[in-house]
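S.K.:
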Amino acid sequence: MKRHLKRYIVDQSAEPVQPVAERGLDLIHNPILNKGSGFSEKERDELGLRGLVPPRVMSLENQVKRVRENYNRKTTDLEKYIFMESLHARNETLYYRFLLENLEEITPIIYTPVVGTACQQFGHIFRFARGMYFSTSERGQFRKIMNHWPEDEIDIIVVTDGSRILGLGDLGASGMGISIGKLALYVACAGIYLHKTLPVVLDVGTNNEDLISDPLYLGETHKRLSGDEYYDMVDEFVTAARDRWPLALIQWEDFTNDHAFPLLEKYRDKVLCFNDDIQGTGSVALAGILGSLRITGGKLSEQRIVFLGAGSAGIGIADMIVAGMVEEGLLVEEARRRFWFIDSRGLVTTTRGDKLADHKIPYARDDEFIPALLEVVEKVKPTILMGLSSQPGSFTKEVIQEMNKHVDRPVVFALSNPTSKSECTAEQAYAWTDGAVVFAGGSPFDPVEYNGKTYVPGQGNNMYIFPGVGLGATVCGAKKITDSMFFVAAKTLASMVPDDFLTRSTVYPSLKNIREISANIAVAVCEVAYDEGIARIERPDNLLEYVKSKMFQPVYVPYEAV
Ligand code: NAD
């Protein structure tokens, strides 16, 4: 393995000049080291590159200009995605430089929503393999297969079983696109070193008949494993990964609820892991609510909160808000009584006569069953309304105005994704409340002009949270991820919303500051790890400086031959 350690840039801060083992075409064909036309004259002389690249040395800035020209030439979002992934496979530094400089524009291409289309088309647009696949037919060999990956140090593994990719359902092994996209955001937003990331698909089969009958589908063409067979396969992966990369953080991504909750419960105290759909969403939503309270006044523990949607995202958010209420002095049970959940059947109650899924039980009310949202709003008079139902149009004018009758500044978060699934639009919410609403969406909404004032809707995007949490956990060598880490991440994010944003009803900071946000969240996460005694690395004197020194920067580091 020694040879491989030399392949990549190990630590930019420690090594201003990077010794590299590769020369010539090997160097050009290594996307982590490749600079394309950007190799310096000295590198061309020393590393056998003369004649293999065009004569004129390009700066990274000029290369970015070329990428921009070519990107703009692509006429569809899917073509833009393919272009970005080809660049990703060719020259990672240039890819991340372009991505970071244009984060708000490009994120919807490499992540939701366009990555969804890319996953749906995965077998048809496939060009080269990235990441690792572990499939049913290879069970028993996972540990051996892991040796095929050249890196001995991995910080973050994003793993999906492809069972619920975004809101698109079962995409089987085509879910790889989501693991790749998420890790690109870890690198761009938090500076996780690119060679220390590993996208993974656990191919347990698929129940998607269209995929099974598609000759270009790349996964196993049988039904999904279930029961013990499923959990045994996941366990083989986790055990092997822990053995091969003992310090790696495993992020569970886009698993269906029936597996997402049990897997998190099974591993959260034993393995460094978390589920972004549950915990990351909870954290970013809590941050938005804390930001809203800076506008509306009042304590978290005084709020009455109605949720439309009681899936992993809704319950994850509620659990995080409960943690906040408990910190303000409520008992867990008292805090839970301040929530009213509505699922596809109506208000979640113990009295409605069906068997509730386990994750809903803590929030089931003993009250009389109410079938519809409007009646719940009439009865409860909520201060906060959260949409996580994927039911577009379900926050009607009547519902929002009924809420506004009882509350001067209603807080409405329509978090379902993509935009077409949003419970209402930002424009509707401002118009129906005469600008009184504090609104945030799950997808981006354009600023809204209403009665001469500009309102800028915030976006409850998980990318505010998970990169910083991952960075913090890996920098201090945390043994596990605790809910307190997501809680402090939310508080840190809420505290970084500038006052002038609040005057235009914006409850999240600008994504332009994402690296600063991630660094601060990472520091808060490290502090929790040190307080809870679960950090493996000794506490540095200046934590923020230390965290920042560990962040990858997309710049060309000079190379010298080893
Ligand atoms: P899920 O499938 O686990 O849950 C959906 C919930 O909606 C279920 O409880 C279901 O019963 C309920 N529902 C369905 N039809 C309904 C109806 N007509 N009325 C009331 N409830 C209904 O999905 P999830 O993972 O919880 O995600 C839900 C939504 O939240 C998705 O649109 C997802 O994109 C979005 N989400 C947003 C963010 C974010 O903004 N940061 C993060 C995660 C998820």
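Quick note: the sequence shown, position 438, residue 1089 per the working numbering, numbers continuous.
Every residue gets a Cβ at the ideal spot worked out from N, C-alpha and C, and that includes glycine.
The ligand NAD and ALA969: does any heavy atom of the ligand fall closer than 7 angstroms to the residue's C-beta?
M.R.: Checking the Cβ of ALA969 against the ligand NAD gives no.
S.K.: Assign PRO670 to one of three DSSP states: helix, strand, or coil.
M.R.: Reduced to three states, the DSSP call for PRO670 is strand.
S.K.: Suppose you measure from the CA of TYR844 to the CA of ILE805; what does that come to, to the nearest Å?
M.R.: Rounded to whole angstroms, TYR844 to ILE805 spans 9 angstroms at the Cα level.
S.K.: Buried or exposed, going by whether 16 or more other CB atoms sit within 10 Å of the CB of ALA631?
M.R.: Residue numbering for the chain in the displayed model covers 652 to 1213; residue 631 lies beyond these limits and cannot be assessed.
S.K.: Where does GLY1103 land, buried or exposed, given buried means 16+ other C-beta within 10 angstroms?
M.R.: When all chains shown are included, GLY1103 counts as exposed.
S.K.: What's the gap between the Cα of GLY859 and the Cα of LEU853?
M.R.: A small correction: the amino acid at residue 859 is Asn; Gly does not occupy that position in the sequence shown. When rounded, the distance between both Cα atoms is 16 angstroms.
S.K.: Quick check: is any heavy atom of the ligand NAD less than 7 angstroms from the C-beta of SER814?
M.R.: Flag unset: Cβ of SER814 not near the ligand NAD.
S.K.: Rounding to the nearest angstrom, what Cα-Cα distance links PRO1149 and CYS1075 in this structure?
M.R.: Cα to Cα, PRO1149 sits roughly 26 angstroms from CYS1075.
S.K.: Taking the DSSP output, what are the residues bridged to ILE1035?
M.R.: Paired residue(s): ILE956, VAL1062.
S.K.: Go through its chain and collect everything with a Cβ distance to VAL1058's Cβ below 6 angstroms, but skip five positions before and after it.
M.R.: Excluding sequence neighbours, VAL1058 sits near THR1034.
S.K.: Nearest to GLU984 by CA position, among GLU743, ALA969, LEU998, ASN753, is which residue?
M.R.: Out of GLU743, ALA969, LEU998, ASN753, ALA969 has the C-alpha closest to the C-alpha of GLU984.
S.K.: Should GLN1042 be counted as a contact of the ligand NAD given a C-beta to heavy atom distance under 7 angstroms?
M.R.: Yes, the beta carbon of GLN1042 sits closer than 7 angstroms to at least one heavy atom of the ligand NAD.
S.K.: Count the other CB atoms, across all protein chains shown, that sit within 10 Å of the CB of THR1001; report buried if there are 16 or more and exposed otherwise.
M.R.: By the neighbour-count rule (16 or more Cβ atoms within 10 Å), THR1001 is not buried but exposed.
S.K.: Can you pull the DSSP bridge partners for ASP854?
M.R.: Note: ASP854 sits in a beta bridge opposite SER786.
S.K.: Identify whether LYS653 lies in helix, strand or coil by the three-state DSSP scheme.
M.R.: Residue placement at LYS653 is poorly supported in this model, since its pLDDT is 38, which falls under 50; the coordinates still yield a value, given next. Three-state result, LYS653: helix.
S.K.: Would the beta-carbon of ASP928 be found less than 7 angstroms away from any heavy atom of the ligand NAD?
M.R.: It does: the Cβ of ASP928 is within 7 angstroms (strictly closer) of some heavy atom of the ligand NAD.
S.K.: Assuming ILE1165 contacts LEU1144 (C-beta within less than 8 angstroms), just tell me the rounded distance between them.
M.R.: Not confirmed; about 11 angstroms, so no contact.
S.K.: Please report the Cβ distance between ALA740 and ARG781, rounded to the nearest whole angstrom; I am assuming they are in contact, meaning their Cβ atoms lie under 8 angstroms.
M.R.: Right, their Cβ atoms sit about 7 angstroms apart.
S.K.: Assuming VAL1176 and VAL1120 make a contact with CB atoms under 8 angstroms, what is their CB distance in whole Å?
M.R.: Going by Cβ atoms, the distance from VAL1176 to VAL1120 rounds to 5 angstroms, so yes, they are a contact pair.
S.K.: DSSP has LEU684 in a bridge; who is on the other side?
M.R.: None, per the DSSP bridge assignment.
S.K.: Can you tell which of GLU1049, LYS921, THR907, VAL973 has the C-alpha that lies nearest to the C-alpha of GLU963?
M.R.: The sequence as given places Ser at residue 963; Glu does not occur at that position. Nearest C-alpha to SER963: THR907.
S.K.: Can you tell which of LEU1025, ILE808, MET1037 has its C-alpha closest to the C-alpha of ALA1124?
M.R.: Comparing Cα positions, the closest option is ILE808.
S.K.: What does DSSP give as the partner residues of ARG1016 in its beta bridges?
M.R.: DSSP output for ARG1016 lists THR1000 as bridge partner(s).
S.K.: Below 8 angstroms between beta carbons: does that hold for ILE1051 and THR1084?
M.R.: Closer than 8 angstroms, so yes.
S.K.: According to DSSP, simplified to helix, strand and coil, what is PRO1205?
M.R.: Reduced to three states, the DSSP call for PRO1205 is coil.
S.K.: Exposed or buried, ARG707, counting other C-beta atoms within 10 Å across all chains shown (16 or more means buried)?
M.R.: When all chains shown are included, ARG707 counts as exposed.
S.K.: Quick test of your reading: ARG1155 and TYR1106, contact by CB under 8 angstroms. State the CB separation rounded to the nearest angstrom.
M.R.: The pair is a contact, with the Cβ atoms about 6 angstroms apart (cut-off 8 angstroms).
S.K.: Would you say the beta carbon of VAL765 comes nearer than 7 angstroms to a heavy atom of the ligand NAD?
M.R.: For the ligand NAD, not one heavy atom lies less than 7 angstroms from the Cβ of VAL765.
S.K.: Using the C-alpha atoms, what's the distance from VAL855 back to LEU849?
M.R.: Roughly 19 angstroms separates the two Cα atoms.
S.K.: Using three-state DSSP, classify GLN1079 as helix, strand or coil.
M.R.: In the structure shown, GLN1079 sits in a helix (DSSP, three-state: H, G or I).
S.K.: Considering just the uninterrupted stretch of the beta strand (DSSP E) at PHE990, what are its terminal residues?
M.R.: Start and end: 990–994.
S.K.: With hydrogens ignored, establish whether the beta-carbon of LEU1025 is closer than 7 angstroms to any heavy atom of the ligand NAD.
M.R.: LEU1025 Cβ: outside cutoff for every heavy atom of the ligand NAD.
S.K.: Relative to the C-alpha of VAL941, which candidate in THR932, LEU951, GLY933 has its C-alpha closest?
M.R.: A small fix is needed here, since residue 941 is Leu in this sequence, not Val. Taking only the C-alpha atoms, the option nearest LEU941 is LEU951.
S.K.: Taking its Cβ as the centre, do 16 or more other Cβ atoms sit within 10 Å of ALA1023, making it buried, or is it exposed?
M.R.: Exposed: under 16 other Cβ atoms inside 10 Å.
S.K.: Taking the C-alpha atoms as reference points, what is the distance between HIS1137 and PHE793?
M.R.: The question names His, but residue 1137 is Phe in the sequence shown. Distance between the alpha carbons of PHE1137 and PHE793 is about 31 angstroms.
S.K.: If the criterion is Cβ atoms closer than 8 angstroms, does the pair GLU938 and ALA1180 meet it?
M.R.: Before going on, a small fix: residue 938 reads as Ala here, not Glu. In this structure, ALA1180 does not lie closer than 8 angstroms to ALA938 by Cβ.
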